[in-house]
Amino acid sequence: MNLFGLLIVRDKSLIDQYVLNHERIHTQQEKELLFIFFYIFYILEWLFRLVQYRNQHKAYLNISFEREAYKYGHDLSYLSKRKPYSWTNFLFIKNKSL
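The sequence shown begins at -12 in the numbering used here and counts up by one.
Set out below in structure tokens:
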């Protein structure tokens, strides 16, 4: 869990460079929205996606913040080239893999 840029984990052995990169992407998203607005928007979008997909896991995977972080989590150079508010590119794209 990434809470205000602090990574909270139960088992450190599950954390690799890709998970860290995924969480760093979230930290950047949080900073862009001054942290509190990130969490408000995250919850609101999850609720919207829950109604849309009627499945908690699909709702989570389709949150725009998660879609960006999962798509670029394995690109370790992504943050150096990422444009601000890139997560907005994932707001209205329907995920065809679900």
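The beta carbon of each residue, even a glycine, is placed where N, CA and C say it ideally should be.
Taking C-alpha atoms, which residue in the options lies nearest to residue i?
i, options, result
"residue 48", "68, 63, 32", "32"
"residue 67", "-2, 1, 11", "11"
"residue 79", "70, 35, 41, 57", "35"
Between residue i and the rest of its own chain, which residues show a CB-CB distance below 6 angstroms, the 5 nearest in sequence each way excluded?
i, result
"residue 8", "60, 63"
"residue -9", "22"
"residue 77", "51, 54, 55"
Can you grab the Cα-Cα spacing for the pair residue i / residue j, in whole Å?
i, j, result
"residue -4", "residue 24", "23 angstroms"
"residue 74", "residue 30", "15 angstroms"
"residue 1", "residue 19", "27 angstroms"
"residue 70", "residue -2", "32 angstroms"
"residue -7", "residue 57", "19 angstroms"
Are there 16 or more other CB atoms within 10 angstroms of the CB of residue i, so buried, or fewer, so exposed?
i, result
"residue 39", "exposed"
"residue 65", "buried"
Grab me the residues of residue i's own chain with a C-beta within less than 7 angstroms of its C-beta, minus the 5 sequence neighbours each way, in chain order.
i, result
"residue 43", "37"
"residue 53", "47"
Between residue i and the rest of its own chain, which residues show a CB-CB distance below 8 angstroms, the 5 nearest in sequence each way excluded?
i, result
"residue -11", "-5, 10, 13, 14, 17"
Counting pairs of Cβ atoms below 8 angstroms between the region -12 to 6 and the region 39 to 54, do you hit three or more? no
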